[in-house]
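If you're matching them up, the sequences are chains A and B in order. Under UniProt numbering, read the first sequence as residues 1 to 422, first letter to last. Under UniProt numbering, read the second sequence as residues 1 to 86, first letter to last. Every residue gets a Cβ at the ideal spot worked out from N, C-alpha and C, and that includes glycine. These numbers come from a predicted model, not from an experiment. Structure record follows, encoded as structure tokens.
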Amino acid sequence: MQPPRLHKRYSALSLLREGLRGHSGWQQAWRSPEPKPAYDAIIIGGGGQGLATAYYLAKNHGMTKVAVIEKGWIGGGNTGRNTATIRSNYFYPESVALYDYSLKLYETLGRELNYNIMFSQRGVVTVAHSDAEMEIAARIVNAMQINGTDAELFSRTQVLEKAPLLNSGDEARYPIFGGVWQGRAGVARHDAVAWGYARAADARGVDIIQDCAVTGFLIEKGRCVGVETSKGEIRAEAVGIATAGNSGVMADMAGFTLPIKSYSLQAMVSEPVKPCLDTVVLYLGTGTYMFQSDKGEIVVGGGIDRIPSYAQRGNPPVQATVLSGMLEMFPSFAQLKMLRQWAGVVDVVPDSSPIIGPSPVPGLYLNCGWGTGGFKAIPAGGVVFAHLLATGEHHDISRPFDLDRFRTGRLVDEAAGSGIAH
Amino acid sequence: MQLFSCPFCGPRDETEFTFGGEAGKIRPEPAPEVSAEDWSKYLHRVGNPRGATSEIWVHQTCGEYFLMERDTVSHVVSTTNALRKS
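Take a look at the structure:
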């Protein structure tokens with residue numbers, strides 16, 4: 001008997017054919033190879049950033065002797081723990097260049113990777129609660145427009161048209177004056193972003209090595225020439241760190257420190273309910289934001305926990321703050337039952353901007369400090385980090401985010417600029 | 001809800017406390033002779049240990065600054081010690 005032809009490409013036709021023959025013809029989306037002794041480049045961390053970097057190393061730079069080393073399973077860290085929002089409503093030109101490039105790449109990513117990432121550009125509205133906050137909102141809108149991304153200053157009426165269930169009563173603690181609207185922003189299926197990049201990178205020859213913890217760095221004559229892992233030594237011309245909340249642990253192994261503290265960032269979802277919210281809403285006043293998932297769950301997030309932590313769980317006080325924010329914003333959500341709560345470990349930098357560039361150890365490169373915003377930057381982070389690993393030189397977009405900015409003082413202070421809460 | 005033990009007030013709710021930075025950092029002096037590199041390290045570079053850590057915390061309600069030894073994974077607090085001499 002002829003073995004059934006396995007489907008390499010996903011399409012409506014292949015889905016139909018497999019549906020008719022019991023889904024027996026799908027092949028593994030990626031291999032599980034044993035590590036080779038040496039690679040041209042190794043990326044530590046199999047989250048979105050690491051997998052995207054590997055994909056663009058192969059696609060943009062023709063490098064196929066590339067490995068992604070993941071201590072757990074791919075997408076099991078912050079890539080699978082974030083609240084999946086993609087936006088580029090930042091204040092500084094450097095930030096918009098990075099995040100808007102990412103948003104543009106997301107717009108065509110599903111087609112490029114042949115993987116449905118379920119990107120839904122339903123818009124994000126950031127709600128302001130006073131005349132003074134409306135002036136700040138106008139300032140951010142103006143900055144975004146000058147930086148070349150879409151932004152609109154919304155009136156109270158426009159906000160309520162987008163989210164009619166918002167608390168519009170006289171008793172509201174945070175009354176709605178208007179807000180910042182970015183229509184191209186939206187949400188995507190976060191796991192699918194990791195899986196799509198993994199499958200596409202694997203198809204180009206990248207080795208994705210899961211269940212393999214990095215235990216040390218091979219340093220020869222002051223240069224990093226590889227890593228020690230639970231599966232033995234692996235050598236490489238260039239080693240990239242893309243380990244988010246664990247960047248401090250990596251830096252400590254390599255013998256330097258970073259301007260990063262790790263904190264828990266928690267999120268939660270409710271039971272699924274009928275469609276009632278078709279945009280992403282953030283309140284400046286409560287710091288709580290939410291949207292409704294395709295399954296109907298209300299996905300809720302807020303600020304980071306107040307205690308430096310590597311625990312992938314959230315503390316009750318912040319959970320209470322986030323949920324009380326939700327009740328202020330949507331009084332009718334008091335009827336919701338919350339189903340799940342979880343947390344990821346985020347790498348927080350004083351200026352709330354990422355660190356991309358060479359580390360103090362030659363041959364070792366950094367892609368970290370994304371804090372609470374790494375998911376939205378996965379495609380752009382991958383492109384610029386791949387450029388850095390392949391050429392040893394900054395991409396124009398990543399240059400302002402070098403570690404050197406903490407010595408020169410040229411911070412990209414989005415913590416102050418765009419009024420993000422964390 | 002976690003309880004932290006203030007050396008002055010005893011066990012109190014975690015929300016009353018604020019993280020003040022890592023312990024053992026000494027401001028480089030005299031200022032005119034400190035290089036940009038050293039100043040940047042003092043200002044921004046921090047230890048970020050996974051596991052046992054030693055930190056300065058402040059109890060907002062009484063203003064007590066103190067040293068807290070705790071674990072960043074389990075969140076278990078081993079000791080809290082006053083920074084005051086007496």
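Integer Cβ distance of residue i from residue j, believed to fall under 8 angstroms
i, j, result
"G245/A", "S230/A", "With a Cβ gap of about 20 angstroms, G245/A and S230/A do not count as contacting."
"Y99/A", "Y197/A", "In fact, because the Cβ distance is near 18 angstroms, the residues do not count as touching under 8 angstroms."
"L284/A", "T126/A", "6 angstroms"
"A151/A", "N60/A", "So it is not a contact: roughly 29 angstroms between Cβ atoms."
"G48/A", "I378/A", "4 angstroms"
"V180/A", "A137/A", "5 angstroms"
"A236/A", "D40/A", "7 angstroms"
"G344/A", "Q292/A", "Incorrect: roughly 21 angstroms between the Cβ atoms, too far for contact."
Alpha carbon of residue i to alpha carbon of residue j, nearest angstrom
i, j, result
"T79/A", "G382/A", "13 angstroms"
"C9/B", "H75/B", "21 angstroms"
"H422/A", "L57/A", "Summary for H422/A: the model assigns pLDDT 49, below 50, so the residue's position carries little reliability; its value from the coordinates is reported in the next sentence. Straight-line Cα distance between these residues: approximately 31 angstroms."
"P3/A", "N367/A", "At P3/A, the pLDDT of 47 sits below 50, so the modelled position is not reliable; the number obtained from the coordinates is stated separately. Whole-angstrom Cα-Cα distance: 44 angstroms."
"C62/B", "M68/B", "16 angstroms"
"W370/A", "V412/A", "13 angstroms"
"R31/A", "N315/A", "38 angstroms"
"D211/A", "R173/A", "48 angstroms"
"D13/B", "G20/B", "17 angstroms"
"M253/A", "M268/A", "33 angstroms"
"S398/A", "G392/A", "12 angstroms"
"V280/A", "L105/A", "20 angstroms"
"F406/A", "S40/B", "6 angstroms"
"R17/A", "Q27/A", "14 angstroms"
"V66/A", "T372/A", "27 angstroms"
"C6/B", "H59/B", "7 angstroms"
"G303/A", "V322/A", "8 angstroms"
Bounding residues of the alpha helix (DSSP H) (the contiguous stretch that carries residue i)
i, result
"T157/A", "156-162"
"I140/A", "131-146"
"Q49/A", "48-61"
"residue 437/A", "This structure cannot speak to residue 437/A, because chain A is shown only from 1 to 422."
"A334/A", "First-last for A334/A: undefined, no H or E at that position."
"I234/A", "Looking at the DSSP string, I234/A is not in any alpha helix (DSSP H); the run it does join, the beta strand (DSSP E), is 232-241."
"residue 460/A", "Past the edges of chain A, shown from 1 to 422, lies residue 460/A, and the structure says nothing about it."
"H44/B", "36-44"
"V384/A", "378-391"
"F406/A", "405-408"
"V66/A", "That residue, V66/A, is in no alpha helix (DSSP H); its beta strand (DSSP E) goes 66-69."
"M250/A", "247-254"
"E18/A", "12-20"
Distance cut-off 7 angstroms: residue i Cβ against heavy atoms of the ligand ZN
i, result
"G62/A", "Inclusion of the ligand ZN in the displayed structure is not the case, the ligand content being empty and no account of it being possible."
Per-residue contacts from residue i into chain B (C-beta, under 8 angstroms)
i, result
"L258/A", "R45, V46, N48"
Residue span of the beta strand (DSSP E) that contains residue i, given as start and end
i, result
"G226/A", "223-229"
"W181/A", "178-182"
"P308/A", "297-308"
"E271/A", "261-272"
"S353/A", "Segment: none, S353/A is in no beta strand (DSSP E) and carries neither H nor E."
"R12/B", "10-13"
"residue 423/A", "The structure shown has nothing for residue 423/A, since chain A only spans 1 to 422."
Under 9 angstroms by beta carbon: chain A residues contacting residue i
i, result
"L2/B", "A small correction: the amino acid at residue 2/B is Gln; Leu does not occupy that position in the sequence shown. In chain order: I307, N315, P316, P317."
"F19/B", "K261, R306, I307, P308"
Within chain B, partners of residue i - CB distance below 7 angstroms
i, result
"R407/A", "A36, E37, S40"
Cβ-based burial, residue i [other Cβ within 10 Å; buried from 16]
i, result
"L364/A", "buried"
"A143/A", "buried"
"Q182/A", "buried"
"I176/A", "buried"
"P272/A", "exposed"
"G222/A", "exposed"
"S35/B", "exposed"
"W73/A", "exposed"
"I26/B", "exposed"
"N147/A", "buried"
Closer than 9 angstroms at the beta carbon, the chain B residues around residue i
i, result
"A249/A", "Looking at the sequence shown, residue 249/A is not Ala but Val. Going along chain B in sequence order, the residues near V249/A (Cβ under 9 angstroms) are N48, P49, R50."
"P350/A", "L43, H44"
Under 7 angstroms by beta carbon: chain A residues contacting residue i
i, result
"V73/B", "Y310, A311"
"T15/B", "P317"
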